[in-house]
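**Student:**
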Amino acid sequence: MSSESTQTTGKNPGVIALIVGLIGLAIAGFGFYQGWQASEVRPLMSWLIGIAFWLAIAVGLLFLIQIWYVFHARWPVVIRRQCEHYLSVFPWLFLLFIPLLLVPFLHENPGLLWKWMNGVNALPGHGTVGEDPLYQWKSPYLNIEFFAIRVVVVFGVFTIISAMLRKWSFDTDKTGNINNTHNARRLSAIGLFLCAAAATVGAIDWFKSLEYHWFSTMYGVWFFSASMRAALGFILILCVILATRGYLKGIFNQAHRYDIGCMMLAFTVFWAYISFSQYFIIYNANIPEETFWYNMREKNYDGTLNSWWWVSMLLIFGQFLIPFLLLLWYKTKVVIWRSVAVSVWILLFTVLDLYWNIIPGKLVAPDHGEGYLVRQFSVTGYDIAALIGVGGICIWAMCRSIKKAEPIPIRDPNIDKSINYAE
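Numbering follows this note's numbering, in which position 107 of the sequence shown is assigned residue number 147; successive positions increment by one, without gaps.
#1: Measure from the alpha carbon of W156 to the alpha carbon of each residue in R451, Y252, G90, A306, then state which is nearest.
#2: Would DSSP call A113 helix, strand or coil?
#3: Indicate whether C279 and L288 have their beta-carbon atoms separated by less than 8 Å.
#4: Report yes or no: do three or more beta-carbon pairs, one from the stretch 59 to 74 and one from the stretch 350 to 366, lie closer than 8 Å?
#5: Return the residue from the list F389, Y323, E338 that minimises the CA-CA distance to L361.
#6: With distance defined between alpha-carbon atoms, name the residue in V99, R440, Y461 nearest to N52.
#7: Pick out whichever of Y298, G71, P180, Q318 has its Cα sitting closest to the Cα of V375.
#8: Within 10 angstroms of the Cβ of V117, are there 16 or more other Cβ atoms? Answer buried if so, exposed if not.
#9: Buried or exposed: where does A325 fall if 16 or more other Cβ atoms within 10 Å of its Cβ makes it buried?
#10: In terms of alpha-carbon separation, which member of Y422, G69, S128, V391 lies closest to C434?
#11: Considering only the alpha carbon of each residue, which of A239, L234, R269, M204 lies closest to H222?
#12: So, under 8 Å CB-CB, F274 and L387 are touching, yes? Tell me the CB distance rounded to an integer number of Å.
#13: With a floor of 4 residues, list each alpha helix (DSSP H) that falls wholly inside the stretch 232 to 301, ordered by position along the chain.
#14: Could you name the residues of the same chain whose beta carbon sits closer than 7 Å to that of Y319, not counting the 5 residues immediately before and after it, in chain order?
#15: Looking only at its chain, what residues have a beta carbon closer than 8 Å to the beta carbon of T420, apart from the 5 residues adjacent to it on each side?
#16: Thinking C-beta only, is I291 closer than 8 Å to I459?
#17: Which of the three DSSP states is assigned to K444 in this structure?
#18: Is it the case that the Cβ atoms of W262 and I314 are separated by a distance below 8 Å?
#19: How close, in whole Å, do the beta carbons of S249 and W396 come, if the pair is a contact with beta carbons under 8 Å?
#20: Here's a check: name, in chain order, each residue in its chain whose Cβ is nearer than 7 Å to the Cβ of W108, leaving out the five neighbours to either side.
#21: Is the CB-CB distance between Q133 and A98 below 8 Å?
#22: Among the candidates S379, I59, P449, whose CA atom is the shortest distance from the CA of A22?
#23: Identify whether Y313 lies in helix, strand or coil by the three-state DSSP scheme.
#24: If we ignore side chains and look at the alpha-carbon of each, how far apart do R337 and W349 end up?
#25: For T240, collect the residues of the same chain with a Cβ closer than 7 Å to its Cβ; drop the 5 residues on either side in sequence, then sort them by chain order.
#26: Below 8 Å between beta carbons: does that hold for A405 and L392?
#27: Give the DSSP-derived three-state secondary structure of K51 in the structure shown.
#28: By DSSP, does Y412 sit in helix, in strand, or in coil?
#29: Start and end of the alpha helix (DSSP H) containing L403?
#30: From L140 to L88, what does the alpha carbon distance come to, in whole angstroms?
#31: Looking only at DSSP bridge pairs, what is T492 linked to?
#32: Which same chain residues, not among the five before or five after I428, have their C-beta less than 6 Å away from its C-beta?
#33: Quick one: measure Cβ to Cβ for G61 and W436, integer angstroms, because I've assumed they're closer than 8 Å.
#34: According to the Cβ coordinates, are F255 and E330 closer than 8 Å?
#35: Since I believe W94 is in contact with V309 (beta carbons under 8 Å), could you give me their beta-carbon distance rounded to a whole number of angstroms?
#36: Going by C-alpha to C-alpha distance, which of P180, I327, F316 sits closest to S352?
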């Protein structure tokens, strides 16, 4: 293990990321405090979006590593080590999630962010959460104590599986023990199911339950597909940086970029398939408890198009059609600047996808139509600060991990095949 191998420039990227991250968190934290004091939910959503984006990348990378292990993939071994470094972010993301977890326990309105947490919160039209038959039916699952337990369990699953995979991989560098690889494969076969369950529970609890009336059996699959696309875009950008300015020079090659690009294309189609299928099924069934979720992402109470309709159109073209068409071309997957540009595009639209899933909501307004207004699309300074702040902490954690292990898995049984991989 050599500290020289981790240096990509004369400056320490980890320290820079930490400083930028702390500044971003300070600004977002100030917004969080203002929202807390004024009982205004939008600044709290900024914090949630910041965590959701960087968590999606981590979850996607964890799935990637386990999929590669299960299928005995040889080509991505040098890439896998970079993914392993990023997995060190899970404990930090849990710590950053704690302020959101404190809201239902310490705020005067426990349902400030997740409205079902306060039985006296008014509902659009009439009545309160506590009087709602649908909430009463869901209350064995949707209650504060069980919610907190699930937060700990979800992050616990991600953290423990990540720690074990990292430990075995790093230990192989020192001992060359092939049993570490076998152990990682066995764990991955089980871990894929555990992580799928954890990701589904997290997505339903933290994003879907913001509008607890809604029903969806595919929401966890949507989060999985979005996470995989974000993870692939992130890891390609990281590996290109390390290949041009760091320790992956001459190691991360065109063939690796091509295969990552193929996976991006596959999960772009998968994301579109899941998103359209869910929309089509709900539209066809036309059940009010399901259709309202899409209705408020298209129209106001009076039937006029709202700002979310335009976001929906952007997602159709920007999240699916444009990257799909670009990734069909061979050169997009192998030419460095083109593959990086598509990756950045995918990451930006992943953020927009999270906005589309998290921000819209019914705001109680007795004087308007059906008794509510739709929270419209907006990008605030606190949103940007939270994304930068959480991202800075994640990059810092990754850089810390880089210093603790070899730049590539030097004694992995398939390392030579990965280094010499060709199309």
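Yeah, the Cβ is synthetic: ideal placement off N, Cα and C, and Gly gets one too.
**Tutor:** Let me spell this out:
#1: Position 116 of the sequence shown, counted from the start, is the residue given in the question as residue 156. Out of R451, Y252, G90, A306, Y252 has the C-alpha closest to the C-alpha of W156.
#2: For the purposes of this step, residue 113 is taken as the residue at position 73 of the sequence shown. Coil at A113, not helix or strand.
#3: Within the sequence shown, numbered from 1, the residue matching residue 279 stands at position 239. Within the sequence shown, numbered from 1, the residue matching residue 288 stands at position 248. It is a contact, given that the beta carbons lie within the stated cut-off.
#4: no
#5: Locating residue 361 in the sequence shown gives position 321, where the first residue counts as 1. Of the listed residues, the one whose Cα sits closest to L361 is F389.
#6: Working through the sequence shown from its first residue, we reach residue 52 at position 12. The shortest Cα separation from N52 among V99, R440, Y461 belongs to R440.
#7: On the sequence shown, residue 375 is found 335 positions in, with the first residue counted as 1. Nearest of Y298, G71, P180, Q318 to V375, Cα basis: Y298.
#8: The count along the sequence shown starts at 1 and reaches residue 117 at position 77. The residue in question, V117, is buried, as its Cβ has 16 or more Cβ neighbours within 10 Å.
#9: Locating residue 325 in the sequence shown gives position 285, where the first residue counts as 1. Counting Cβ neighbours within 10 Å, A325 comes out exposed, since fewer than 16 surround it.
#10: The residue you call residue 434 lines up with position 394 of the sequence shown. Residue S128 is the option with its Cα nearest to C434.
#11: For the purposes of this step, residue 222 is identified with residue 182 of the sequence shown, where counting begins at 1. Measuring from the Cα of H222, the nearest candidate turns out to be M204.
#12: Taking the sequence shown and counting its residues from 1, one reaches residue 274 at position 234. Taking the sequence shown and counting its residues from 1, one reaches residue 387 at position 347. That belief holds up - the Cβ atoms of F274 and L387 are roughly 7 Å apart, short of 8 Å.
#13: 259 to 285
#14: The sequence position of residue 319 within the sequence shown is 279, counting from 1. Around Y319: Y334.
#15: Here residue 420 corresponds to residue number 380 of the sequence shown, with the count starting at 1. So the list reads G71, R82, P83, S86, once near-sequence residues are dropped.
#16: Here residue 459 refers to the residue found at position 419 of the sequence shown. Here residue 291 refers to the residue found at position 251 of the sequence shown. Contact flag set, yes.
#17: Here residue 444 refers to the residue found at position 404 when the sequence shown is read from its first residue. Three-state result, K444: coil.
#18: By one-based count along the sequence shown, residue 262 stands at place 222. By one-based count along the sequence shown, residue 314 stands at place 274. Yes, the Cβ-Cβ distance between W262 and I314 is below 8 Å.
#19: Position 209 of the sequence shown holds residue 249. Position 356 of the sequence shown holds residue 396. S249 to W396, Cβ: 16 Å. No contact.
#20: For the purposes of this step, residue 108 is taken as residue 68 along the sequence shown, with counting starting at 1. Within the same chain, W108 has close Cβ partners P116, R120.
#21: By 1-based counting over the sequence shown, the position of residue 133 is 93. By 1-based counting over the sequence shown, the position of residue 98 is 58. The sequence as given places Leu at residue 133; Gln does not occur at that position. Yes, Cβ-Cβ distance for L133 and A98 is below 8 Å.
#22: In this structure the chain extends from 41 to 463, so residue 22 is not present and cannot be described.
#23: For this step, residue 313 is matched to residue 273 along the sequence shown. In the structure shown, Y313 sits in a helix (DSSP, three-state: H, G or I).
#24: Here residue 337 refers to the residue found at position 297 when the sequence shown is read from its first residue. Here residue 349 refers to the residue found at position 309 when the sequence shown is read from its first residue. Answer to the nearest angstrom: the Cα atoms are 6 Å apart.
#25: Taking the first residue of the sequence shown as position 1, residue 240 is located at position 200. Only G260 meet the Cβ criterion.
#26: Looking up residue 405 in the sequence shown gives position 365. Looking up residue 392 in the sequence shown gives position 352. Not a contact, by the Cβ cut-off of 8 Å.
#27: Against the sequence shown, residue 51 aligns to sequence position 11. Three-state result, K51: coil.
#28: Sequence index remark: in the sequence shown, residue 412 carries index 372 (1-based). Strand, per DSSP.
#29: As a working note, residue 403 is residue 363 in the sequence shown. Where L403 is concerned, there is no enclosing alpha helix (DSSP H), although the beta strand (DSSP E) it sits in stretches over 402 to 404.
#30: Here residue 140 is taken as the residue at index 100 of the sequence shown, counted from 1. Here residue 88 is taken as the residue at index 48 of the sequence shown, counted from 1. Each residue's alpha carbon lies about 8 Å from the other.
#31: This structure leaves residue 492 out entirely; the chain is present only between 41 and 463.
#32: Reading the sequence shown from its first residue, position 388 is the one you call residue 428. Once the five neighbours on either side are set aside, the close Cβ partners of I428 are G64.
#33: Taking the first residue of the sequence shown as position 1, residue 61 is located at position 21. Taking the first residue of the sequence shown as position 1, residue 436 is located at position 396. Sure, about 6 Å apart at Cβ, within 8 Å.
#34: Residue mapping note: residue 255 aligns to position 215 of the sequence shown, counting from 1. Residue mapping note: residue 330 aligns to position 290 of the sequence shown, counting from 1. A contact, by the Cβ cut-off of 8 Å.
#35: For the purposes of this step, residue 309 is taken as residue 269 along the sequence shown, with counting starting at 1. For the purposes of this step, residue 94 is taken as residue 54 along the sequence shown, with counting starting at 1. Between W94 and V309 the Cβ distance is about 25 Å, and since that is not below 8 Å, they are no contact.
#36: Position 312 of the sequence shown, counted from the first residue, corresponds to residue 352. When only C-alpha atoms are compared, the closest one is F316.
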